[in-house]
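If you read the protein sequences in the order shown, they are chains A and B. If you're matching positions, the first sequence starts at 3 in the numbering used here and goes up one per residue. If you're matching positions, the second sequence starts at 13 in the numbering used here and goes up one per residue. No residue lacks a Cβ here, since even glycine has one placed at the ideal position from N, Cα and C. Quick caveat, the model's predicted, so the values are computed rather than measured. Since the structure comes first, as structure tokens, the remarks are kept for the end.
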Amino acid sequence: MGASVDVSYVFEYFVRLLPSVGITLEIVALSLLIGSAVGMLVALPRLYRIPVLQRLSQVYVSFFRGTPLLIQLFLIYYGLPELLKLVHADVSRTPVLVFVVAAYALHSGAFISEAIRAAVGAVDRGQVEAGYAIGMTGFQAFRRIVLPQAIAVAMPVFGNLVIANLKDTSLAFSLGIMELTGKAQTLPTMSQRFFESYLALALLYFILSFILQKGLYRLERRLLRHEPADGSASSPAKGRRARRREAAARLNLTEEGALR
Amino acid sequence: MIALKQIRKSFGKQEVLKGIDLAVEKGEVVAILGPSGSGKTTLLRCINYLERPGSGHIRIGDAAVDCGHPSKKDIHRLRGRSAMVFQQYHLFRHKTALQNVMEGLVVVQNVPKEEARRRSAELLEKVGLGAKLDAYPSQLSGGQQQRVGIARALALNPDVILFDEPTSALDPELVGEVLSVIRKIAREGITMIIVTHEMAFAQEVASRIVFMDDGAVIEEGEPAEFFRSPREERTKQFLKRMTPEGVYNI
Chain A
3 MGASVDVSYV FEYFVRLLPS VGITLEIVAL SLLIGSAVGM LVALPRLYRI
53 PVLQRLSQVY VSFFRGTPLL IQLFLIYYGL PELLKLVHAD VSRTPVLVFV
103 VAAYALHSGA FISEAIRAAV GAVDRGQVEA GYAIGMTGFQ AFRRIVLPQA
153 IAVAMPVFGN LVIANLKDTS LAFSLGIMEL TGKAQTLPTM SQRFFESYLA
203 LALLYFILSF ILQKGLYRLE RRLLRHEPAD GSASSPAKGR RARRREAAAR
253 LNLTEEGALR
Chain B
13 MIALKQIRKS FGKQEVLKGI DLAVEKGEVV AILGPSGSGK TTLLRCINYL
63 ERPGSGHIRI GDAAVDCGHP SKKDIHRLRG RSAMVFQQYH LFRHKTALQN
113 VMEGLVVVQN VPKEEARRRS AELLEKVGLG AKLDAYPSQL SGGQQQRVGI
163 ARALALNPDV ILFDEPTSAL DPELVGEVLS VIRKIAREGI TMIIVTHEMA
213 FAQEVASRIV FMDDGAVIEE GEPAEFFRSP REERTKQFLK RMTPEGVYNI
């Protein structure tokens, strides 16, 4: 490595890293898409207190929240094929990317299910009753009344997850995926300008996060357009807490019948 | 048209409804009065099964539920015959005033969107909110929200509208606007059951008063008769407490 930082290398590597942005975003998008579906499925047994499934989803969530992502990647990469052998499915030719996406999807699924669970709890029960009172079925009330509001409430948490997920994809290179970080490690083998390469890499991650944050914030504002646009929007956590307080106050106010 | 027979309901060991019988004819406006904790709100919520009675029979029009063996389908039909106005309004917060009123028409009654929109706008006009069609609940005052709630109930064209203390959560200066809307629709001959603490309003708008205490109906009667010469001792005590002398004479 040279005596000082050579900015021209930073530029060069930045440009040469750009083609790998695609694979990184692919992992993020696929894992969040699948993770959302998994999260929804896993949240349901706990929301509706289905005996055995509720327990299972708890175990799943605490496992994926309680172990490092890198270990989860290895466990799924080496463990899943063994598991699948039991049902005589041969996955030795399956691309590594599939395992990586599976690991990230299961990982974010655990966090998404928690976010959904909390958000559904934050939607005030009275609106569900109002839905029943106008003749909705339980499913209609959930889909038309609870879910849209829960998604809006969960949006800030989900936004954090997207950013975390983007940064976490840097671990995928450990299984040999040539995403951004993997690429950044191979680029300077000739020049030995590793620092410049990592600098370019950090810059790229930062720009990607920044764009995603802006976009997510807009989406959040749009989903919450029915709530007054006051200070609570800039710190969504406070808004949620206030809303929950409000809901609790409402519960206390109603007569004996409302509490079950 | 509405018949409740021997409705019983317990929360844990406490029996809050001790076998209520109530019949309401088409076009009647029944006001249910009583001290807090007397079970009047619970009774109202039992009528559309937001609260599950332990036993008894409920009938609204041609929809009947045997509370000992309720089926999902029967409950659904019962709710289709009734509408409710809540103390805390319970508007759908992510929908505009117009969408709140349309929701039941479109989703439950399968009315085409355009027609639902037209009818809903008319109803909001009727409750004095023609200028607030696109406002979200968070942008409306309590009185305005409750009027949207009333329009939402009216839209379904139900056999009966159940009012659960519709003005109890309102600031005093907003009570009037809501009461005048209820008065207006009462005159149109819509069947209503109102749980309220507004004595003067009940006397004026109701065709019959039902007085409840401790989970039972104590006394029923015409408003004038009920307020002038109550028969039961508990009714007398209650009315005495609710009159201004009783309130201010500390």
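Span of the alpha helix (DSSP H) around residue i
i                : result
GLU232 (chain B) : Premise fails: GLU232 (chain B) lies in the beta strand (DSSP E), 228 to 233, not in any alpha helix (DSSP H).
ILE32 (chain B)  : Looking at the DSSP string, ILE32 (chain B) is not in any alpha helix (DSSP H); the run it does join, the beta strand (DSSP E), is 26 to 36.
MET224 (chain B) : First-last for MET224 (chain B): 220 to 225, but that is the beta strand (DSSP E), not the alpha helix (DSSP H).
MET254 (chain B) : 245 to 254
ASP78 (chain B)  : Looking at the DSSP string, ASP78 (chain B) is not in any alpha helix (DSSP H); the run it does join, the beta strand (DSSP E), is 75 to 78.
VAL160 (chain B) : 154 to 167
VAL93 (chain A)  : That residue, VAL93 (chain A), is in no alpha helix (DSSP H); it is neither H nor E in DSSP.
VAL159 (chain A) : 149 to 170
ARG57 (chain B)  : 52 to 59
PHE141 (chain A) : 140 to 143
VAL217 (chain B) : 211 to 217
Buried or exposed (CB count within 10 angstroms, at least 16 for buried), residue i
i                : result
SER48 (chain B)  : exposed
ALA204 (chain A) : exposed
GLY241 (chain A) : Residue placement at GLY241 (chain A) is flagged as unreliable, the pLDDT there being 47, under the threshold of 50; a coordinate-derived value is accordingly withheld.
ASP146 (chain B) : exposed
MET263 (chain A) : As shown, chain A starts at 3 and ends at 262. That puts residue 263 (chain A) outside it, with no answer to give.
ALA167 (chain B) : buried
ASP183 (chain B) : exposed
LEU20 (chain A)  : exposed
THR208 (chain B) : buried
GLY137 (chain A) : buried
GLY24 (chain B)  : exposed
PRO124 (chain B) : exposed
VAL98 (chain A)  : exposed
ARG105 (chain B) : buried
PRO24 (chain A)  : The residue you asked about is not Pro; residue 24 (chain A) is Gly in the sequence shown. When all chains shown are included, GLY24 (chain A) counts as exposed.
GLU37 (chain B)  : exposed
TYR80 (chain A)  : exposed
GLN99 (chain B)  : buried
THR188 (chain A) : exposed
Rounded separation between residue i and residue j - CA only
i                : j                : result
ASP74 (chain B)  : VAL41 (chain B)  : 20 Å
ALA144 (chain A) : ASP8 (chain A)   : One point to set straight first is that residue 144 (chain A) is Phe, not Ala, in the sequence displayed. When rounded, the distance between both Cα atoms is 58 Å.
ALA163 (chain B) : PRO47 (chain A)  : 36 Å
LYS17 (chain B)  : LEU29 (chain B)  : 12 Å
ALA45 (chain A)  : GLU189 (chain B) : 43 Å
VAL148 (chain A) : SER10 (chain A)  : 53 Å
GLY92 (chain B)  : ALA154 (chain A) : 30 Å
ILE36 (chain A)  : ALA117 (chain A) : 15 Å
ILE70 (chain B)  : VAL122 (chain A) : 32 Å
LYS169 (chain A) : PHE160 (chain A) : 14 Å
ILE19 (chain B)  : VAL63 (chain A)  : 44 Å
LYS252 (chain B) : MET114 (chain B) : 44 Å
MET157 (chain A) : THR139 (chain A) : 26 Å
GLN129 (chain A) : LEU27 (chain A)  : 38 Å
PRO70 (chain A)  : GLU127 (chain B) : 56 Å
HIS81 (chain B)  : ARG64 (chain B)  : 11 Å
ILE205 (chain B) : ILE44 (chain B)  : 7 Å
LEU214 (chain A) : ILE165 (chain A) : 7 Å
PHE223 (chain B) : LEU43 (chain A)  : 49 Å
LYS52 (chain B)  : SER83 (chain B)  : 25 Å
VAL139 (chain B) : MET13 (chain B)  : 26 Å
Which of helix, strand or coil DSSP assigns to residue i
i                : result
GLN121 (chain B) : coil
ASP146 (chain B) : coil
ILE70 (chain B)  : strand
VAL7 (chain A)   : coil
LEU19 (chain A)  : helix
ILE197 (chain B) : helix
LEU174 (chain B) : strand
MET192 (chain A) : coil
VAL187 (chain B) : helix
LEU226 (chain A) : coil
MET204 (chain B) : strand
LEU182 (chain B) : coil
ILE118 (chain A) : helix
MET180 (chain A) : coil
ILE136 (chain A) : coil
ARG64 (chain B)  : coil
LEU141 (chain B) : coil
GLY123 (chain A) : helix
Delimiting residues of the beta strand (DSSP E) encompassing residue i
i               : result
LYS17 (chain B) : 14 to 23
ILE44 (chain B) : 41 to 45
Partner residues on chain E for residue i, Cβ-Cβ distance less than 7 Å
i               : result
GLY92 (chain B) : Looking at the structure shown, chain E is missing, and the protein chains on hand are A and B.
Output the residue ranges of the alpha helix (DSSP H) runs that lie fully inside the stretch 80 to 119 of chain B and measure 4 residues or longer, sorted by chain position.
The stretch 80 to 119 of chain B contains these whole alpha helix (DSSP H) runs: 84 to 93 and 109 to 115.
What alpha helix (DSSP H) runs, 4 residues minimum, are completely inside the stretch 27 to 84 of chain A?
Correct list: 53 to 68.
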